[in-house]
Amino acid sequence: MLPVRVPTPLPHGGRPDADRTPRGRSRWKAVLPPPGRWRRPLRELALVALLFAAYKLGRLLGAHHIQEAFANAGRLWDLERALRLPSEETLQDLLLELPSPAVVAANAYYKYVHFPATALFLVWTYVRRPWHYRWARTVLAVMTGVALAVHIAVPLAPPRMLSGLGFVDTGAVYGPGVYGPAHDAGMANQFAAMPSLHVGWAVFVAVSLILSCRTRWRWLWLAHPVATLGVVIGTANHYWLDGAVALVILAVVMLVLRPPERPRRKRARDRQEHPDAAAPGSGKSTAPQAPVAA
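Here it is in structure tokens:
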């Protein structure tokens, strides 16, 4: 007897179950990412937003210690002279000798590059160097937290407020302005000069990019902290020791939180893109071999 295939009864309406799927659902499944794909980016975004809010709150906590901030500025100025550091006024005089657009550009660099450059660095690292991102984000957060503690403990008036020493508030005179009057805290703590997070963040961004990249041009990232240091001093927003203390904090944090090793597949790709001579001890010689007689 030949086997007989019994047809599956059709549901009500005479259409198979596969045809009852709402039209376009499979199309949306192909377009939309998996539900869990956005959890980590959203979590990281929320974490960065929380750190930024804590940063602003921490700066505002020390924004009203005006007398103490000016007293600390006088002590720091005397300490720098005792250490025979060059006067910040000398660098500002060099900046003011340039055409006015150069001074405006320096003020714009101070105002507009600090946060956007760091944010773009975090986004780029998250997308292109995920194995490096978590370490970079953690180091940046810890360094900022330590700096905020110093801001609260040691309020410090910036050089631009010391007009009696010959400094010029280039932001107020040439624009674009960054801060208001000294007595108006606004949304920023004007007495948080020590340490300089402008310098600390810029140096870390450059160092982190140098560690995570392998291109020969990666050393050009050092231009960012060099330009930042010249700008914060030339515009009279920071002292030399502000930058030095920021570098000490960064160095200590990086000694405690060591950078991650490059993944093995990344190292293999680097060797393919930048082939070198045979590794020592491999037993392989790169010297040409003499032909063997037949």
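Quick note: the sequence shown uses this note's numbering, first residue 2, plus one each step.
A virtual CB, placed ideally from N, CA and C, is assigned to each residue, including glycine.
Residues bridged to residue i (per DSSP)
i	result
LEU157	ALA193
Inter-residue Cα distance where the pair is residue i and residue j
i	j	result
HIS66	ALA150	14 Å
VAL105	PRO264	44 Å
ALA109	PRO261	35 Å
GLN93	TYR111	14 Å
LEU141	ARG135	10 Å
THR171	ARG161	8 Å
ARG44	LEU210	23 Å
MET50	ALA193	Residue 50 is actually Ala in this sequence, not Met. Going by the C-alpha atoms only, they are around 21 Å apart.
LEU163	ARG76	13 Å
ARG138	VAL204	14 Å
TYR180	GLN191	7 Å
ALA74	THR216	42 Å
ARG219	GLN68	44 Å
VAL257	ALA83	32 Å
PHE122	PRO42	15 Å
ARG85	THR119	33 Å
ALA252	PRO131	23 Å
MET255	VAL246	14 Å
TRP52	GLY178	The sequence shown places Leu at residue 52, not Trp. Their backbone Cα atoms lie some 25 Å apart in a straight line.
LEU95	TRP39	50 Å
For residue i, the nearest candidate out of the options (CA to CA)
i	options	result
LEU237	ALA107, PHE122, ALA203	Residue identity differs from the one stated: residue 237 is Ala in this sequence, not Leu. Ranking ALA107, PHE122, ALA203 by Cα distance to ALA237 puts ALA107 first.
LEU157	THR119, ALA70, ARG259	ALA70
ALA228	ALA103, LEU80, GLY178	ALA103
LEU46	THR216, TYR127, ASP79, VAL253	TYR127
TYR113	TRP132, GLY176, LEU123	GLY176
LEU97	LEU256, VAL232, VAL253	VAL232
CYS214	THR119, ARG129, VAL246	ARG129
THR91	VAL169, PRO131, VAL254	VAL169
PHE174	VAL246, ILE153, HIS152, SER101	The sequence given here places Val at residue 174; Phe does not occur at that position. The candidate whose alpha carbon is nearest that of VAL174 is SER101.
Start-to-end residues for the alpha helix (DSSP H) that takes in residue i
i	result
MET255	241-257
GLU90	89-97
THR216	Per DSSP, THR216 belongs to no alpha helix (DSSP H) and is neither H nor E.
ARG129	115-129
GLY176	Counting along the chain, GLY176 falls outside any alpha helix (DSSP H), and DSSP gives it neither H nor E.
ASN73	67-83
ALA237	Per DSSP, ALA237 belongs to no alpha helix (DSSP H) and is neither H nor E.
Other residues of its chain near residue i: CB distance less than 6 Å, five sequence neighbours each side excluded
i	result
LEU166	none
HIS115	HIS199
Contacts around residue i, its chain only, beta-carbon distance under 7 Å, and the 5 residues preceding and following it disregarded
i	result
ILE250	MET144, VAL147, ALA148, PRO196, GLY201
ALA207	TRP222, LEU223, HIS225, PRO226
GLU89	PRO160, ILE234, ALA237, TYR240, TRP241
LEU212	PRO260
LEU230	VAL200, GLY244
VAL155	ASN73, MET195
Nonlocal neighbours in the same chain, by C-beta distance under 8 Å from residue i, ignoring five residues either side
i	result
HIS133	THR126, SER209, LEU212, SER213, PRO260, PRO261
LEU80	LEU242
LEU248	VAL200, GLY201, VAL204
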